[in-house]
Amino acid sequence: MAEKTAHPATRDIREDPSAGTAGAGTVGKPEAAVVRDALGVGVAVGLSGFAFGVTSAGAGLTLLQTCALSLLVFTGASQFALVGALAGGGNPFTAAAGAFFLGTRNAFYGLRLSQLLALPRSVKPFAAQWVIDETTAVALAQPDRRSARLGFTVTGLTLYVLWNLTTLLGALGAEAIGDTAAWGLDAAGPAVFLALLAPMLRTATERATAGIAVVLGLGLLPVLPAGVPVLVAALAAPAVLWARGRRAGKRPEQEEETDR
Numbered sequence: 653m654a655e656k657t658a659h660p661a662t663r664d665i666r667e668d669p670s671a672g673t674a675g676a677g678t679v680g681k682p683e684a685a686v687v688r689d690a691l692g693v694g695v696a697v698g699l700s701g702f703a704f705g706v707t708s709a710g711a712g713l714t715l716l717q718t719c720a721l722s723l724l725v726f727t728g729a730s731q732f733a734l735v736g737a738l739a740g741g742g743n744p745f746t747a748a749a750g751a752f753f754l755g756t757r758n759a760f761y762g763l764r765l766s767q768l769l770a771l772p773r774s775v776k777p778f779a780a781q782w783v784i785d786e787t788t789a790v791a792l793a794q795p796d797r798r799s800a801r802l803g804f805t806v807t808g809l810t811l812y813v814l815w816n817l818t819t820l821l822g823a824l825g826a827e828a829i830g831d832t833a834a835w836g837l838d839a840a841g842p843a844v845f846l847a848l849l850a851p852m853l854r855t856a857t858e859r860a861t862a863g864i865a866v867v868l869g870l871g872l873l874p875v876l877p878a879g880v881p882v883l884v885a886a887l888a889a890p891a892v893l894w895a896r897g898r899r900a901g902k903r904p905e906q907e908e909e910t911d912r
């Protein structure tokens, strides 16, 4: 996506992540607005932890295991993928592998945020726990480093506390009502996952990747062990990128033939 022309005083972070925050006080986003936006994201997504708690308990995980996943893993999509594969009877190692590969995107987020936030070395190991989709989105939306740090911190803290609290409540609630499938709550996890994913599919490439992944995942369910179709579906991304690269490479050739 093409970047808009920024005011010279605000280009220090967007074009040079290592630059300082000079001028942030005059052109930066008001702190109240940053906090408001960060709290909105944190609260909206944090409440989804209830669905994870219900789904995890329905998949057979204990209360301790469910809460440990939210405390230590803390990446919603990977958590849902793990318990979903286990609920389908998948091998624990296969389920964990699928969740791991899904969570590797956070490593790439970390590379970008490391430059943008420029946190002290002693703080980075703790901040790494909060490097997820939502904190990255809020931080990158800010015009300067000071606002980015504030947005990242408020989003991460709010989301971490709420996600873990609602995970606990969801798991306790699932244990209290018994069979989650009888109440239809076994569909809560996939529904929330799709709700989080859908707004991210903005371009034709992203929609094509999602569509092919769905076809692969559902088509291979009857023939492969539970959990394996998720791993195979991941091949949709490189396949779409390869096809896109080939199409882009053919365009210059077609233009040359037209010129002749």
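The numbering of the sequence shown is the numbering used here, which starts it at 653 and goes up by one.
Beta carbons are placed, not taken as given, at the ideal position from N, Cα and C, and that holds for glycine.
Keep in mind the model is a prediction, meaning the values are calculated, not measured.
- If the five residues before and after Ala-889 are omitted, its C-beta is found closer than 6 angstroms to the C-beta atoms of Thr-861, all from its own chain and listed in chain order.
- Judged by beta-carbon spacing, Ala-690 lies beyond the 9 angstroms limit of Thr-818, meaning their Cβ atoms are not closer than that value.
- The Cβ neighbour count for Ala-779, taken over all protein chains shown within 10 Å, is at least 16; the residue is labelled buried.
- Around the beta carbon of Arg-801, 16 or more other beta carbons lie within 10 angstroms, which makes this residue buried.
- Its chain contains Ala-885, Ala-888 as the residues whose beta carbon lies nearer than 6 angstroms to that of Ala-865, once the 5 sequence neighbours on both sides are disregarded; these appear in chain order.
- Judged by DSSP secondary structure, Gly-694 falls within the alpha helix (DSSP H) whose first and last residues are 683-698.
- Burial state of Trp-782 is buried, judged by a 10 Å Cβ sphere holding 16 or more other Cβ atoms.
- For Ser-730, the enclosing alpha helix (DSSP H) starts and ends at 728-739.
- Contact check between the segment 793-800 and the segment 698-716: fewer than three CB pairs, one atom from each, fall below 8 angstroms, which does not count as touching.
- DSSP, read as helix, strand or coil, puts Gln-717 in helix.
- Comparing C-alpha distances from Leu-883 to each of Phe-704, Val-735, Ala-747, Arg-898 shows the shortest one belongs to Ala-747.
- Only buried fits Phe-726, as 16 or more other CB atoms lie within 10 angstroms of its CB.
- With respect to Thr-807, Val-880 sits apart: the two C-beta atoms are not nearer than 9 angstroms.
- In the same chain as Thr-718, and ignoring 5 residues on each side of it, the C-beta atoms closer than 7 angstroms to its own belong to Gly-705, Ser-708, Ala-709, Thr-819, Ala-823, in chain order.
- Burial state of Thr-756 is exposed, judged by a 10 Å Cβ sphere holding fewer than 16 other Cβ atoms.
- Pairing Val-735 with Leu-715 gives a Cβ-Cβ distance that is not under 9 angstroms.
- Under the three-state reduction of DSSP output, Ser-722 falls in the helix class.
- With respect to the 9 angstroms criterion, Phe-804 and Leu-763 are not classified as neighbours on the basis of their beta carbons.
- Between Gly-701 and Gly-728, the CB-CB gap stays under 9 angstroms.
- A direct Cα-Cα distance of roughly 15 angstroms separates Ala-891 from Gly-901.
- Contact between Leu-814 and Gly-741 is absent: CB atoms are separated by about 31 angstroms, not below the 8 angstroms threshold.
- Taking each of Thr-788, Pro-877, Thr-787 in turn and checking the Cα distance to Ala-739, the smallest one comes out for Pro-877.
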